[in-house]
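Below: one structure, written as structure tokens.
There are 6 protein chains.
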Amino acid sequence: MSTQSQKSALVVSAHPGDFVWRTGGAVALHVKRGYRVKIVCLSYGARGESQGAWKQPGATLDAVKRQRHDEAQRVAELFGAEIEFFDTEDYPLDLNRAMLDRLVEVYREVQPAFVLTHASADPYNYDHPDAARFAQQARIVAQAAGHDPGAKTLGAPPVFLFEPHQPEQCDFKPNVILNIDEVWDIKRQAFEFLPAQRHLWDYYTRVALQRGAQGGRNSGRSATYGTAQGMTYGEAYQRVFPMVLEELA
Amino acid sequence: MSTQSQKSALVVSAHPGDFVWRTGGAVALHVKRGYRVKIVCLSYGARGESQGAWKQPGATLDAVKRQRHDEAQRVAELFGAEIEFFDTEDYPLDLNRAMLDRLVEVYREVQPAFVLTHASADPYNYDHPDAARFAQQARIVAQAAGHDPGAKTLGAPPVFLFEPHQPEQCDFKPNVILNIDEVWDIKRQAFEFLPAQRHLWDYYTRVALQRGAQGGRNSGRSATYGTAQGMTYGEAYQRVFPMVLEELA
Amino acid sequence: MSTQSQKSALVVSAHPGDFVWRTGGAVALHVKRGYRVKIVCLSYGARGESQGAWKQPGATLDAVKRQRHDEAQRVAELFGAEIEFFDTEDYPLDLNRAMLDRLVEVYREVQPAFVLTHASADPYNYDHPDAARFAQQARIVAQAAGHDPGAKTLGAPPVFLFEPHQPEQCDFKPNVILNIDEVWDIKRQAFEFLPAQRHLWDYYTRVALQRGAQGGRNSGRSATYGTAQGMTYGEAYQRVFPMVLEELA
Amino acid sequence: MSTQSQKSALVVSAHPGDFVWRTGGAVALHVKRGYRVKIVCLSYGARGESQGAWKQPGATLDAVKRQRHDEAQRVAELFGAEIEFFDTEDYPLDLNRAMLDRLVEVYREVQPAFVLTHASADPYNYDHPDAARFAQQARIVAQAAGHDPGAKTLGAPPVFLFEPHQPEQCDFKPNVILNIDEVWDIKRQAFEFLPAQRHLWDYYTRVALQRGAQGGRNSGRSATYGTAQGMTYGEAYQRVFPMVLEELA
Amino acid sequence: MSTQSQKSALVVSAHPGDFVWRTGGAVALHVKRGYRVKIVCLSYGARGESQGAWKQPGATLDAVKRQRHDEAQRVAELFGAEIEFFDTEDYPLDLNRAMLDRLVEVYREVQPAFVLTHASADPYNYDHPDAARFAQQARIVAQAAGHDPGAKTLGAPPVFLFEPHQPEQCDFKPNVILNIDEVWDIKRQAFEFLPAQRHLWDYYTRVALQRGAQGGRNSGRSATYGTAQGMTYGEAYQRVFPMVLEELA
Amino acid sequence: MSTQSQKSALVVSAHPGDFVWRTGGAVALHVKRGYRVKIVCLSYGARGESQGAWKQPGATLDAVKRQRHDEAQRVAELFGAEIEFFDTEDYPLDLNRAMLDRLVEVYREVQPAFVLTHASADPYNYDHPDAARFAQQARIVAQAAGHDPGAKTLGAPPVFLFEPHQPEQCDFKPNVILNIDEVWDIKRQAFEFLPAQRHLWDYYTRVALQRGAQGGRNSGRSATYGTAQGMTYGEAYQRVFPMVLEELA
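Chains as they are written, first to last, in full-length UniProt numbering: chain A, 1 to 249; chain B, 1 to 249; chain C, 1 to 249; chain D, 1 to 249; chain E, 1 to 249; chain F, 1 to 249.
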């Protein structure tokens, strides 16, 4: 349960795998830092992100959804995060007004210090930009005094877009690299809860190592610059809105 | 004098006015925070940024340079910053290898925690992108072990580009807004040391107010979002390299 | 009433405030020049743009809409423009086919010499790009001979996008600055008809002054270039389609 | 009928004219090369692309559609391609879920070696980007094992966007020029099956000649570079996804 | 000779052919409208744009330059324009400070109402962007009171970039189309003064026809929109700075 | 020596490491395919890319250059490629006209079927874009009949930009992925010839694996799409000019 002073964060993910590969480090890290982290998982990815599950004899939509629900639930527990499933269809997402209203409620209840969602373009998977638009649309509605008047409105939490599968093809340009060394073992462990996407385990381990190396280089903490302490694992994000600072360094 | 633990910052400016209008708040603020701030002023802007001075009867290049030197020196003193003049010609800048080597030395001596310079494009004034390239080129050379071997090399300080006169025409997209409320009175006072550009005093006062209002809105500190404490004056920057974070909020 | 030779213009605005802050000068100026100007105001902005109104005890959606209707009506009268309300919901806009058909009719009836609407992106307010797409979609349909066959079709009026609240964040790059000196007092007076957004009065006064100063600079009419007559207030626009000219100056 | 070894291609076009002007050469060429080429024509363009037809006395929507159907059918036959009409309305396109499912079936049945569709932006005609999104959305759904489980899924055929009417205004940047010399006479003949758009015959003949000249220049086959054999007619395309090569030349 | 009230224009061209293909219509048209038009031709294009000339037996650099000088001179006379040759080498351009100073003098003497030069990128020919930068750099220096103090400075004439050979590859996005119907015969005649580039005559005739057709469409003067008077030949330009208007239509 | 029918390729690299990490696979692969591959290595990277070497006691510029020369020579031999060193200084590159002329000669002598060089932007290392511009500039000059008249000119070989260290920060968008499985062991072996950059061995192994996985996905050869044969190692390139094709698949 959230106390008044506990900070919180919100993740809006199109499918279960996304919040593991793309932002699992941020989730686990902020839980470790004492944040309440809530994940909204819009769909089970049953049609598009469950190739492995459909190879099982007698697979049905319900069975696949249940399997993915359980996997995602276990990962959320491993991370120490809350998760809520909107159970919309995927490929394509079938988002509606009631879901928008529910997401607005979630924003207002969670009052996140920051929001994590998908990038704005992905020619390989239109569910991702659709989820991103939905997440940002709901954030804006949650700020409006006239939506469900009397309810506590939302401030202006920053939005961080997480890394798509092929970043350059999605016009993704990271401006933030998060050091996830402290929680890498947890993130890596979560991969194993997703046996149907085994081919991605190594891929996203390498993504973490590349972003870690880049983080070291951009912060001057890498071996190249002769600093004692480096970083090894990272996650890349693209911050949407300008940040407001009291000091530049 | 810089003690070992004092943080420092470096500003590279094409002409004297630039470091006043575009980044005077950052300079004064970080001095107030205890930073050593060094300004490298590449030219006196004698040809291109001294329209007023040339209207005085008998104006000569030397006299105009001396006047601008004195103005810039006084502003630097007001800010509590160091200033070094490279005295290259302006319109266009006539930068050479010796100046590059000197700027590399400055980087290595100052070891800035961050760097402030011009944006990468300006169709109204090519001295600005030329200065920006020069400042960033020197930063890279200062990192190279083989340049003046044995000297202490530079780490990877972040670079912030300051706001050009007509930002959209320069493809300037701010991702950082610095709150300069604490030092606004100093920045505004500095404007008056530049009598030849009186027509810009109000212009840059309004820039500060607009960026302040945007800062409030982006941080949720503005009146719109019902928070007690807002901000009034801001300076906008575009951070060049990704930032490395241990936490997102 | 429009005579055959009277030129006309069409404004499509998501919320009432938009046509005041962003394009009030163009509306008043062209009315003064003898144009018939028609404003289509898609929503009352009751949910998202009426923060002040909801602070009144006992506020209801109907009451807020009525208040905003009256404010917008009064501003239109002040400007000498016609206004038609589509009364869709806002946050998000709930535009439908009937509204599209009605807007097509308006285009064909008004036969505007130019169209004013929102910019194509706004991460702070998705109603704005939604309105822009709707306005441009209707313009295209109005050109189609097969829509409501027999009705007079539309030519190819240019579209000007008006300035969003934080232009760089919306990828807004102005290529037109309109001199609104003649009607500035009217535009400024209109601000006061919007008491709930009092925090924007000064903001948009400064926007007008900045665009005015830039207009002077881009036309060589500013004091900097030693010309007698300058301009003081401006509005910035982004023209969507190429302009066709008989002479370049 | 498609034998196992026959290669195939799929074209998704908003209106009948589009597949003639923009990609008629590719269709005819690949048929000549032995491909099965299937065209999905989403609408008849009855409202927006049939200005000429509506000038006939007594024109009705049905009559216009029938006329355009017959024209498109004749062109497809001339090209040796299959054509399927989805008969959605145009201006705007009124695409629905059943049409998406049908297009997914087509993808899976045709198993195209490549896909041809519209560019992603067109401020003159929103039906074009709407068709492009629909075509790419369906391609992605066709890859998903969970959509109509058990059916043969689709691989990852490349997508080529064909040239819009005013390419620079649509942010169209060609990276492929197809030599259509072998089939130019067929393409040109097809123009004459579209009498209502006679004003475009010469326009698209010139487009073919310009792209041909550019193709010669980019391949070093033009007279400029002194090579014996040039090319005369071309079609420009923008390939969406990276190509995978075993050799660079 | 220029009288006080005569308007003037300045063209800065890398090679002789450029001002013919890319902007010959604008030159001839404005001369016809009573403008003084001055062309600065930076190089003779002897190395890179004279493939034909070098095929003549015994060709020397001097002879090629003389031939191109004569051709360019004849075209300028046909257009009724002045021409000044800077005779720098081409491929690459070898521009120096003395040439910059001379171009500044030309700007100040001509006081052009507008400037025509190359686009900012051209991966096929780096002389073009180099010339463009040089032309814009000189324009800025000509505005500076401190350059050759006492001389009459330049105002802020708009800059129009003319169309490169393969516009999309040069990120050229036209926002102005000039109607050159009145002078097309002159422009076409000029082509024949350039026999070495005969392969471009038809190419640039088609460019003019395409831009003419687009001009008609963008202005609603084309047959498509049922207007009596169309336009046939056009030249496309990209205006660099915002235009300042007193009225939008 | 090159026989008439042997195809060839040219690589232009700023420093020795670059042609190993970024394009070593392409070099080795095309040698294996029977190409003559020539590498022009502009500098020894002695100042900027030899951090390790400078840590050796008594290091001098000459000694460092000699060491890097030997390493690069050994790698070239391993690859079976020719290499020519221009021995310009690095950080910054100090390229001059004689070097440009020499590179033009190389282009004309090699007559490459394709060219490999750096990307056009790199805020971490300005030597890279400087080398890229130089390589492309020389290619254009080599096409000019008037440069060293009588020599055999160059055709229009395509240019492929190789992958920078942090691709998104360099606006690098790959449109070609080369399968380097056949030569991966050679590329990996070459890494070990560069002991001073040991921290990059794993980094670029992961780059190759990521590009390999993406290559599989984009070609439908990956496990995801159920095809038997995949690819494991790749190199990403950005093709500069449109490709001309006789068939799209």
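Every residue gets a Cβ at the ideal spot worked out from N, C-alpha and C, and that includes glycine.
None of these values were measured; they are calculated from a predicted model.
- Pairing residue 119 (chain B) with residue 161 (chain B) gives a Cβ-Cβ distance under 8 angstroms.
- Cβ contact annotation for residue 142 (chain D) (same chain, cutoff 7 angstroms, sequence separation greater than five): 104, 107, 108, 153, 154, in chain order.
- The beta carbon of residue 135 (chain F) lies closer than 6 angstroms to those of 12, 117 in the same chain, with the five residues before and after it left out.
- Rounded to the nearest whole angstrom, the CA to CA distance from residue 157 (chain B) to residue 219 (chain A) is 7 angstroms.
- Scanning B:243, B:80, B:173 for the CA closest to the CA of residue 8 (chain B) turns up B:80.
- For residue 121 (chain D), the closest C-alpha among the options D:82, D:132, D:115 is that of D:132.
- Between the alpha carbons of residue 146 (chain C) and residue 102 (chain C) lies a gap of roughly 16 angstroms.
- Pairing residue 210 (chain F) with residue 179 (chain A), the inter-Cα distance amounts to about 21 angstroms.
- Listed along chain C are 144, 146, 147, each with a C-beta nearer than 7 angstroms to that of residue 47 (chain D).
- Boundaries of the alpha helix (DSSP H) harbouring residue 79 (chain B): 61-79, taken from the DSSP string.
- If you check the CB distance, residue 26 (chain D) and residue 235 (chain D) come in under 8 angstroms.
- For a Cβ distance threshold of 7 angstroms, residue set 123 of chain A lies close to residue 240 (chain D), ordered along the chain.
- Every alpha helix (DSSP H) of 4 residues or more that sits fully in the region 187-249 of chain E is shown, in chain order, as 201-219.
- For the region 189-223 of chain B, residues whose beta-carbon sits nearer than 7 angstroms to a beta-carbon of chain C comprise 199, 203, 206, 209, 210, 213, 214, 223.
- In the structure shown, residue 161 (chain F) falls within a strand segment according to DSSP collapsed to helix, strand and coil.
- Put simply, the CB of residue 172 (chain B) is far from chain A, with every gap to its CB atoms at 8 angstroms or more.
- Across the set B:17, B:55, B:33, the C-alpha of B:33 shows the shortest separation from the C-alpha of residue 183 (chain B).
- In the DSSP assignment, residue 130 (chain C) falls outside any beta strand (DSSP E) and lies within the alpha helix (DSSP H) extending over 127-143.
- The beta carbon of residue 173 (chain C) sits closer than 7 angstroms to those of 238, all from its chain and outside the five residues before and after it, given in chain order.
- Within chain D, the residues placing a beta-carbon under 7 angstroms from that of residue 33 (chain F) are 247, ordered along the chain.
- Here the region 81-90 of chain F makes contact with the region 29-46 of chain F; the two share three or more CB pairs at distances below 8 angstroms.
- Take residue 65 (chain E), set aside five residues on each side of it, and the residues of its chain with a beta-carbon closer than 7 angstroms to its own are 44, 46, in chain order.
- The beta carbon of residue 166 (chain F) lies closer than 8 angstroms to those of 124 in the same chain, with the five residues before and after it left out.
- Excluding the 5 residues flanking it on each side, residue 212 (chain B) has same chain C-beta neighbours closer than 7 angstroms at 231, 232, 233, 234, in chain order.
- Residue 216 (chain B) and residue 246 (chain A) have their C-alpha atoms roughly 12 angstroms apart.
- According to the DSSP assignment, residue 9 (chain C) belongs to the beta strand (DSSP E) that extends over 8-13.
- Following the DSSP letters along the chain, one finds residue 178 (chain F) in no alpha helix (DSSP H) but inside the beta strand (DSSP E) bounded by residues 176-179.
- Buried is the label assigned to residue 71 (chain C), since at least 16 other Cβ atoms lie within 10 Å of its Cβ.
- For residue 141 (chain C), the nearest CB of chain D lies under 8 angstroms from its own CB, placing it at the interface with that chain.
- Taking a contact as a CB-CB distance under 8 angstroms, the pair residue 138 (chain E) and residue 100 (chain E) counts as one, their CB atoms being some 6 angstroms apart.
- In terms of Cβ geometry, residue 127 (chain D) and residue 90 (chain D) form a close pair [threshold 8 angstroms].
- DSSP, reduced to helix, strand and coil, places residue 154 (chain D) outside both helices and strands of the structure shown, so it counts as coil.
- Separation of residue 15 (chain B) and residue 97 (chain A) (C-alpha to C-alpha, rounded to the nearest whole angstrom) is 55 angstroms.
- Within the model, the alpha-carbon separation for residue 242 (chain C) versus residue 55 (chain F) is close to 59 angstroms.
- For a cut-off of 8 angstroms, the C-beta gap from residue 159 (chain A) to residue 115 (chain A) is around 5 angstroms, short enough to register as a contact.
- Within the region 49-69 of chain B, those residues whose Cβ lies closer than 9 angstroms to any Cβ of chain E are, in chain order, 49, 50, 51, 52, 53, 54, 55, 59, 60, 61, 64.
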